[in-house]
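Just so we're aligned: the first sequence equals residues 71 to 430 in the working numbering. A virtual CB, placed ideally from N, CA and C, is assigned to each residue, including glycine.
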Amino acid sequence: MSNFFQLETKHGGVRTGTLKTRAGDIKTPVFMPVGTRGAVKGLHPDQVKATGAQIILGNTYHLHLMPGEKVIKKLGGLHEFTRWQGPILTDSGGFQVFSLAHMSKITEEGVTFKDPRNGDLVTLTPEKSMQIQIDLGSDIIMAFDDVVSLDQVGRERTMEALERTHRWLERCILEFKRLTNDMKEDEQPLFFGIAQGGLDKKLRKKSLEFVQSCDVDGVAIGGLSVGETRKEMHDMLEFLEPLYDLTKAHYLMGVGDPIDFRFAIKHGIDMMDCVLPTRNARHGSVWSSGDIRMNLKSERFTNDSKVIDPECDCATCIDGFTRGFLRHQFKVNESLAGSLASIHNIRHLNRIAEEYRSLS
RNA sequence: GCAGGGUUAGUGAAGCGGUCAAACACGUCAGACUGUAAAUCUGAUGGCUUAUGCCUUCGCAGGUUCGAAUCCUGCACCCUGCA
């Protein structure tokens, strides 16, 4: 497999580079907004693009349930379907092993989930996940992994989940190759493996080394930001920093609090995704300069004529939407409020990424 | 005018002699949210407060009772029938 990631500069732990996908190049470090069901919630693709976003995520599990990958394929694939023209990364459904743990059953073959909406059983296997992601038309395909929680039950199966994740990775690679065999190289999606290991450094090292020894275009760190303390997460990122294969892209999954985002970039991470900017935004919570959080629903903004962050260049701030206006729209449940705040929060992370990219 | 029904905390609405500072919903205030079961969830919401504590409340004014939001009397206002 040729190398789709080009490392350009390195300043301490900060790397800048370019990830080449069939849908376009991605400058790293990069923040990737999450559009689980094919849309970044509340935003038109043009608005997402205007935040500086280069790539968005979709989710195998959700899109498989509704409307189904066959429908999306028939309607031209994810790009045509969603009208997002840039690269798309799809998560494999592995995270749902964790988030829907109490409604799922894991076996060596795969995982059976109960659809939380109607109780329907959905089975996902490494092969199935690859097939779905290929049908969706994803540009970066993620391995199907076994994510564990940090509670007692999860900790006890950390080792088991890690080994299973590795066996599943081999199955994913075989299936991915089978499905992409007849594609020209520049038409193939990329494939990323995922390292697990919970908060156990030995297991983390073992997992990272295993994943990097496989035929993958990028290596992802999974299973963090699932409830551990900030210190635990940062310790692990510091520990992993010298262990990465420098020729591959490094993706930290699910992290996007500005503080963690900066920390990860300084410790060798190239890509991150997170629901935090959009979820928080819909709940009225936004970041401003200095990564300070404020809740726009708060009474104290009622008469505030300032924009969210006077130093911000996002469309929401540039267009002059005041805190007072946003507070009002939140209070009356107008969805515009969440959209405007999402634009701001995504831009906030993209500005951070740009700050580090400008080092090159 | 006659006969019924009603008036409960910011709003709607339970309660119909003690376990009532008073269910529930909404609203309000605050908090949480990290590969989205998430436009969701949690807490507070008469006052004072550390409180299993005290004080003031259930249209208004009296009364019965050991004890009343709950029963009685009068008054005010609202609704529905009949005139």
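Sheet register partners of residue i (DSSP bridge)
i: residue 85; result: 80
i: residue 356; result: 364
i: residue 343; result: 102
i: residue 95; result: 90
i: residue 129; result: 161
i: residue 260; result: 210
i: residue 288; result: 262 and 319
i: residue 191; result: 184
i: residue 375; result: Paired residues: none, contrary to the question.
i: residue 175; result: 182
i: residue 392; result: 377
i: residue 75; result: 89
CA-to-CA distance, residue j to residue i, given in whole angstroms
i: residue 337; j: residue 152; result: 34 Å
i: residue 313; j: residue 145; result: 42 Å
i: residue 141; j: residue 133; result: 10 Å
i: residue 416; j: residue 375; result: 22 Å
i: residue 176; j: residue 370; result: 48 Å
i: residue 287; j: residue 305; result: 25 Å
i: residue 384; j: residue 116; result: 13 Å
i: residue 275; j: residue 195; result: 25 Å
i: residue 104; j: residue 373; result: 33 Å
i: residue 184; j: residue 170; result: 8 Å
i: residue 324; j: residue 119; result: 20 Å
i: residue 154; j: residue 128; result: 11 Å
i: residue 102; j: residue 280; result: 26 Å
i: residue 136; j: residue 187; result: 11 Å
i: residue 197; j: residue 406; result: 40 Å
i: residue 251; j: residue 242; result: 14 Å
i: residue 78; j: residue 409; result: 35 Å
i: residue 99; j: residue 182; result: 35 Å
i: residue 173; j: residue 162; result: 18 Å
i: residue 319; j: residue 364; result: 33 Å
i: residue 340; j: residue 332; result: 11 Å
i: residue 258; j: residue 247; result: 10 Å
i: residue 191; j: residue 178; result: 17 Å
i: residue 351; j: residue 382; result: 15 Å
i: residue 353; j: residue 344; result: 15 Å
i: residue 360; j: residue 193; result: 44 Å
i: residue 404; j: residue 264; result: 39 Å
i: residue 223; j: residue 230; result: 12 Å
i: residue 249; j: residue 210; result: 14 Å
Whether residue i touches residue j by CB criterion (8 Å)
i: residue 94; j: residue 217; result: no
i: residue 228; j: residue 273; result: yes
i: residue 330; j: residue 303; result: yes
i: residue 235; j: residue 206; result: no
i: residue 424; j: residue 122; result: yes
i: residue 334; j: residue 262; result: no
i: residue 400; j: residue 429; result: no
i: residue 266; j: residue 315; result: no
i: residue 158; j: residue 204; result: no
i: residue 130; j: residue 199; result: yes
i: residue 427; j: residue 86; result: yes
i: residue 379; j: residue 358; result: yes
i: residue 278; j: residue 296; result: no
i: residue 221; j: residue 164; result: no
i: residue 83; j: residue 255; result: no
i: residue 237; j: residue 268; result: no
i: residue 322; j: residue 362; result: no
i: residue 219; j: residue 168; result: yes
i: residue 189; j: residue 148; result: no
Distance between beta carbons of residue j and residue i, contact taken as under 8 Å
i: residue 97; j: residue 91; result: Not a contact, Cβ separation roughly 12 Å.
i: residue 202; j: residue 245; result: Their Cβ separation, rounded to whole angstroms, is 11 Å, which puts residue 202 and residue 245 out of contact at 8 Å.
i: residue 395; j: residue 260; result: Going by Cβ atoms, the distance from residue 395 to residue 260 rounds to 42 Å, so no, they are not a contact pair.
i: residue 412; j: residue 112; result: 6 Å
i: residue 418; j: residue 328; result: 7 Å
i: residue 326; j: residue 346; result: 5 Å
i: residue 110; j: residue 348; result: 6 Å
i: residue 402; j: residue 392; result: Not really, about 15 Å apart at Cβ, beyond 8 Å.
i: residue 284; j: residue 239; result: 6 Å
Proximity test, residue i beta-carbon vs the ligand ATP heavy atom, cut-off 7 Å
i: residue 221; result: The ligand ATP is absent from the structure shown, which contains no ligands of any kind.
In chain order, each alpha helix (DSSP H) run of at least 4 residues that lies wholly inside the segment 304-337: 328-335
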